[in-house]
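Student: Those protein sequences? They're chains G and Z, same order as listed. Quick note on the numbering used here: the first sequence kicks off at 71 and runs consecutively. Quick note on the numbering used here: the second sequence kicks off at 41 and runs consecutively. Just so it is clear, CB atoms sit at the ideal spot from N, CA and C, and this is done for glycine as well.
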Amino acid sequence: MRHGSILRQCCESVRAAGRLLHRFIAINRRESTDRKIYLRKAVNPIMKSVIKGAGYILVHTPDMVLHNGTTQTTERIVNPDGEYLKELPSHLRSFEQTLSYWPNQVYIGNKTPDDLAAVPQPWCDKECDVKERFGHFGQIMPQEEFLLLMQACDVFDLVKLEQGFVDAHRAALAANPIIDESIMARIPEQQTAIDEIERLVKEEHSEGLYHQDKLVGCVNRAHDIDVNLSAHVMHENIVSKASSVLALLSGVKNAGIDKDEVEYVIDCCEEACGDMNQRGGGNFAKATAEIAGLNNATGSDARGFCAGPAHALVEAAALVESGAYKTVAVTAGGCTAKLGMNGKDHVKKGLPILEDMLGGFCVILSANDGVSPEINLEILGRHTVGTGSAPQAVIGSLVTDPLDRAGLKVTDIDKFSPEMQNPDITKPAGAGDVPLANYKMIAALAVKRGDIEKADLGNFPVKHGLTGWAPTQGHIPSGVPYIGFAREDILAGKIKRAMIIGKGSLFLGRMTNLFDGVSFVIQANSGESAESGVSEEEVKGMIAKAMKDFAATLMAQAE
Amino acid sequence: MDLENQKRVKEFADQYGPENVVVLLGAAEGEASGLAAETVTNGDPTYAGPLTGVSLGLTVYHVCEPEVKAEFDPAVYDEQVSMMEMVLDVDDICNEMRAIREQYCKYLG
Numbered sequence: 071m072r073h074g075s076i077l078r079q080c081c082e083s084v085r086a087a088g089r090l091l092h093r094f095i096a097i098n099r100r101e102s103t104d105r106k107i108y109l110r111k112a113v114n115p116i117m118k119s120v121i122k123g124a125g126y127i128l129v130h131t132p133d134m135v136l137h138n139g140t141t142q143t144t145e146r147i148v149n150p151d152g153e154y155l156k157e158l159p160s161h162l163r164s165f166e167q168t169l170s171y172w173p174n175q176v177y178i179g180n181k182t183p184d185d186l187a188a189v190p191q192p193w194c195d196k197e198c199d200v201k202e203r204f205g206h207f208g209q210i211m212p213q214e215e216f217l218l219l220m221q222a223c224d225v226f227d228l229v230k231l232e233q234g235f236v237d238a239h240r241a242a243l244a245a246n247p248i249i250d251e252s253i254m255a256r257i258p259e260q261q262t263a264i265d266e267i268e269r270l271v272k273e274e275h276s277e278g279l280y281h282q283d284k285l286v287g288c289v290n291r292a293h294d295i296d297v298n299l300s301a302h303v304m305h306e307n308i309v310s311k312a313s314s315v316l317a318l319l320s321g322v323k324n325a326g327i328d329k330d331e332v333e334y335v336i337d338c339c340e341e342a343c344g345d346m347n348q349r350g351g352g353n354f355a356k357a358t359a360e361i362a363g364l365n366n367a368t369g370s371d372a373r374g375f376c377a378g379p380a381h382a383l384v385e386a387a388a389l390v391e392s393g394a395y396k397t398v399a400v401t402a403g404g405c406t407a408k409l410g411m412n413g414k415d416h417v418k419k420g421l422p423i424l425e426d427m428l429g430g431f432c433v434i435l436s437a438n439d440g441v442s443p444e445i446n447l448e449i450l451g452r453h454t455v456g457t458g459s460a461p462q463a464v465i466g467s468l469v470t471d472p473l474d475r476a477g478l479k480v481t482d483i484d485k486f487s488p489e490m491q492n493p494d495i496t497k498p499a500g501a502g503d504v505p506l507a508n509y510k511m512i513a514a515l516a517v518k519r520g521d522i523e524k525a526d527l528g529n530f531p532v533k534h535g536l537t538g539w540a541p542t543q544g545h546i547p548s549g550v551p552y553i554g555f556a557r558e559d560i561l562a563g564k565i566k567r568a569m570i571i572g573k574g575s576l577f578l579g580r581m582t583n584l585f586d587g588v589s590f591v592i593q594a595n596s597g598e599s600a601e602s603g604v605s606e607e608e609v610k611g612m613i614a615k616a617m618k619d620f621a622a623t624l625m626a627q628a629e
Numbered sequence: 041m042d043l044e045n046q047k048r049v050k051e052f053a054d055q056y057g058p059e060n061v062v063v064l065l066g067a068a069e070g071e072a073s074g075l076a077a078e079t080v081t082n083g084d085p086t087y088a089g090p091l092t093g094v095s096l097g098l099t100v101y102h103v104c105e106p107e108v109k110a111e112f113d114p115a116v117y118d119e120q121v122s123m124m125e126m127v128l129d130v131d132d133i134c135n136e137m138r139a140i141r142e143q144y145c146k147y148l149g
């Protein structure tokens, strides 16, 4: 009997050991990433990525409005002698006027969205009491400095500048606190004579660079017959790259990190670089990181029209959360084509050309520091192929569906940041107040769900919304302008959660009629840093100890 | 109205005959609705697109107008449009659309 009992016990123990061994082998057989996640999840929840800092920059480019904005270049073809082109120059703003423009001071962080909301619209006839060129998010760069920065960002000797122009403005760019010697060293001492620049524009299809309506340089074509490397495309791409460099440098500085800490850069502008064999080959991100001096970074480009930045941020957060890269920068420069996009309406209504600013932004995400606001990837909104394009379906997929999955109500989000276009620009063009329209839609859906009463419809945009302040540069106003403020508002305890919403009009590329959108939630830090978690080695140690203890028990029973 | 859309509207009018085409708008503002409606009836008021000086006189409605709403399955309308109906200034849009139709439409019943 005694021997039979020991035998039964041994058999049960062997079976139990087998089960445990089976589980252990199963764990070890998984792909290494899966296994890491499995083990980390088993012991400790995954550490969310955090927003370490953000940079926002503007560049005043009045001459590019005239020469590179598509509304103007189209008009020059279809209606060259029309009134619009004659009247346009007198509606351009001076650099000083752009500094005293309220929305611009909000964009670089000297004023807040709340400050702006208290100023009656329109804003273009009012002067902001702050007229600083530098703000704590970034700066407003004048055109003359930017043309030199473009040359610094050109590594194929395509940007030619007139000697006198460079001599006159080199010191100003060198004095810019964000520009270091490595960038200044990229601007050659020997520049080009104006006669040669005139010849290049006249005979070689070079794209002219103008300042105060005077030719001061040009961008040459990078290939004789490849349209993807034409002077026009190279100009557009170098502008995007240079403004992205400025944003990236501002973002890194504001995050308070060393440049070498950035391991990955994602560019999310709306341009494409490549040649006739790979028109959108890329890679703006790495090219930008090179000029910015991020020697430890690699990177890639993410595209999705205006939804690009939101997609890129979700991808960046996932890269950090997975442990693939510790610090990731999401960056984008501005777009020359959209300069003066609504210029006809602005001129017709006697307003200044308000679309004279290139925009740029950068957000730095890093491993959880236990303090900075987190990106919560568990509350992701996604417009899928099957969602449909009715506004109701779009807002549902981006706002209420993810909140439903997380068991939250619309009112649990303190601030929504959808398309943050400046209404001063869009209203005179007949496009209305875009952020306000978004808030009304979210509120209407909240009423339909019973999250708020119908009587609260009017108050919803005030309580959960923001007044738009971003230039109409496509991807630039799309959700991301608030991230810098959201970080500060969450750290200050003013709000707990913000939802960033990006939307994109994919049909513009004529590849699909589908709409697109993605959203994510930024929330207060839960207080646990990545360092406080349990490492994979520790988990392995814990399993090994459990196995050892089990073996000891087995041996004791056998004895 | 977008130049490409003007081109497509013009092509449809040529292909099916202007009397057989109805343009349905979804613009968010009265002014924008009126501009689009004027473009497909009297011609492009901005003198930029293919409909410049082309008075197609097409029948044009906004999706939030009662005449259009009556044509819908109420369940579909509730799912697709009711939220926007709550958001938009429907009266303003209807007034703009009616004025343009009365002035320029050539094929009203």
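(1) Using a threshold of 7 Å, state whether the C-beta atoms of G:E340 and G:G544 are closer than that.
(2) Can you check which of these residues, G:R291, G:A355, G:L319, is closest to G:N246 by C-alpha distance?
(3) Is there contact between the stretch 469-489 of chain G and the stretch 568-578 of chain G, where contact requires at least three CB pairs shorter than 8 Å?
(4) At a CB-CB cut-off below 7 Å, which residues of chain C make contact with G:G574?
(5) Counting only beta-carbon separations shorter than 7 Å, does G:Q491 have a partner in chain Z?
(6) Could you list which residues in chain G have their beta carbon closer than 8 Å to that of Z:T81, in chain order?
(7) Since G:D371 contacts G:D345 with CB under 8 Å, what's their CB separation in whole angstroms?
(8) Taking beta-carbon pairs under 9 Å, can you tell me which members of the stretch 191-204 of chain G lie near chain Z?
(9) Residues of chain Z with CB closer than 9 Å to the CB of G:P547, please, in chain order.
(10) In chain Z, which residues lie with their C-beta within 8 Å of the C-beta of G:K419?
(11) Answer yes or no: does any C-beta atom of chain Z fall closer than 7 Å to that of G:A507?
(12) Taking 6 Å as the limit between beta carbons, can you name the residues of its chain near G:S459, skipping five residues before and five after?
(13) Just the C-alpha distance for G:V604 and G:Y334, rounded to the nearest angstrom, thanks.
(14) Could you check which residue in G:A407, G:M411, G:C223, G:K323 has the C-alpha nearest to that of G:I434?
(15) From the DSSP output, in three-state form, read off G:N180 for me.
(16) As an exercise, report each continuous alpha helix (DSSP H) stretch of at least 4 residues that is fully enclosed by the stretch 84-148 of chain Z, in chain order.
(17) Are the beta-carbon atoms belonging to G:E425 and G:L409 less than 7 Å from one another?
(18) Short of 7 Å in beta carbon distance, which residues of its chain neighbour G:N298, apart from the five on each side in sequence? Order them along the chain.
(19) For the beta strand (DSSP E) holding G:E429, just list the boundary residues, first then last.
(20) Is the CB of G:P461 under 7 Å away from at least one CB in chain Z?
(21) Alpha carbon to alpha carbon, how far is G:N290 from G:G351?
(22) From the DSSP output, in three-state form, read off G:H130 for me.
(23) Name, please, each residue of chain G whose Cβ falls closer than 7 Å to the Cβ of Z:Q120.
(24) Mind listing the chain Z neighbours of G:K485? Cutoff is C-beta to C-beta under 8 Å, in chain order.
(25) Among residues of its own chain, excluding the 5 on either side of G:V176, which ones have a beta-carbon nearer than 8 Å to its beta-carbon?
(26) Return no unless some Cβ of chain Z is closer than 7 Å to the Cβ of G:G528.
(27) In this structure, what does DSSP give as the bridge partners for G:D371?
(28) Which residues, in order along the stretch 405-435 of chain G, keep a beta-carbon less than 8 Å from a beta-carbon of chain Z?
(29) My assumption, with CB atoms under 8 Å, is that G:V225 sits in contact with G:G287. Please give the rounded CB distance.
(30) Taking the C-alpha atoms as reference points, what is the distance between G:F354 and G:T143?
(31) What would DSSP say about G:Q634, mapped onto helix, strand or coil?
(32) To be precise: take each residue of the stretch 531-557 of chain G, compare its Cβ to all Cβ atoms of chain Z, and keep it if any distance is under 9 Å. Which residues remain?
(33) Would you mind sorting Z:F112 into buried or exposed? The rule is 16 or more other CB atoms within 10 Å of its CB.
(34) So for Z:E71, helix, strand or coil by DSSP?
(35) Can you list, in chain order, the stretches of the alpha helix (DSSP H) that have 4 or more residues and sit fully within the stretch 530-565 of chain G?
(36) Where does Z:V62 sit, in a helix, a strand or coil, going by DSSP?
Tutor: On the basis of the supplied data:
(1) Their beta carbons are under 7 Å apart, which means G:E340 touches G:G544 by this criterion.
(2) Considering only alpha carbons, the answer is G:L319.
(3) Under the Cβ criterion (8 Å, minimum of three pairs), the stretch 469-489 of chain G counts as touching the stretch 568-578 of chain G.
(4) Structure shown: chain C not included; protein chains present are G and Z.
(5) With 7 Å as the cut-off, G:Q491 does not count as an interface residue toward chain Z.
(6) For Z:T81, there are no C-beta contacts with chain G under 8 Å, since the nearest C-beta of that chain is about 17 Å from it.
(7) That belief does not hold up - the Cβ atoms of G:D371 and G:D345 are roughly 15 Å apart, past 8 Å.
(8) Result list empty, no residue passes.
(9) None at all; the shortest Cβ gap to chain Z is about 17 Å.
(10) Neighbours of G:K419 in chain Z, taken as residues whose beta carbon is under 8 Å from its own, are absent, since the nearest beta carbon is some 12 Å off.
(11) Interface with chain Z (7 Å Cβ-Cβ cutoff): G:A507 is included.
(12) Short of 6 Å from the beta carbon of G:S459, and not among the five residues preceding or following it, lie these beta carbons of its own chain, in chain order: F585.
(13) Because G:V604 sits at a pLDDT of 48, beneath the cut-off of 50, its placement in the model cannot be relied upon, and the point is left open.
(14) Considering only alpha carbons, the answer is G:K323.
(15) Reduced to three states, the DSSP call for G:N180 is coil.
(16) Given a length threshold of 4 residues, each whole run of the alpha helix (DSSP H) inside the stretch 84-148 of chain Z is given here in chain order: 106-109, 114-120, 122-127, 130-144.
(17) A contact, by the Cβ cut-off of 7 Å.
(18) For G:N298, where only same-chain residues beyond five positions count, the Cβ hits under 7 Å are G344, D345, M346, R349.
(19) Note on identity: in this sequence residue 429 of chain G is Gly, with Glu being the wrong assignment. In the DSSP assignment, G:G429 falls within the beta strand (DSSP E) that extends over 427-436.
(20) Closer than 7 Å to some Cβ of chain Z, the Cβ of G:P461 qualifies, so yes.
(21) Straight-line Cα distance between these residues: approximately 20 Å.
(22) Three-state result, G:H130: strand.
(23) Simply A460, Q462.
(24) Within chain Z, no residue has its CB atom less than 8 Å from the CB of G:K485, the nearest being about 19 Å off.
(25) Within its own chain, the residues whose Cβ lies closer than 8 Å to the Cβ of G:V176, once the five positions on either side in sequence are excluded, are T182, P183, D185, L186, W539, listed in chain order.
(26) It does not: the Cβ of G:G528 has no partner Cβ on chain Z nearer than 7 Å.
(27) Bridge partners of G:D371 according to DSSP: G:D337.
(28) So the close ones are K414.
(29) About 17 Å separates the two Cβ atoms, so there is no contact after all.
(30) A straight line joining the alpha-carbon of G:F354 with that of G:T143 spans about 25 Å.
(31) Look at the range of chain G in this structure, 71 to 629, and you will see that residue 634 of chain G is not part of it.
(32) Residues of the stretch 531-557 of chain G with a Cβ closer than 9 Å to any Cβ of chain Z: none.
(33) Z:F112 is exposed by the Cβ-count criterion.
(34) If DSSP states are grouped into helix, strand and coil, Z:E71 belongs with the helices.
(35) Fully contained in the stretch 530-565 of chain G are the following alpha helix (DSSP H) runs of length 4 or more, in chain order: 530-534, 553-561.
(36) Assignment of Z:V62 by DSSP, reduced to helix, strand and coil, places it in the strand class.
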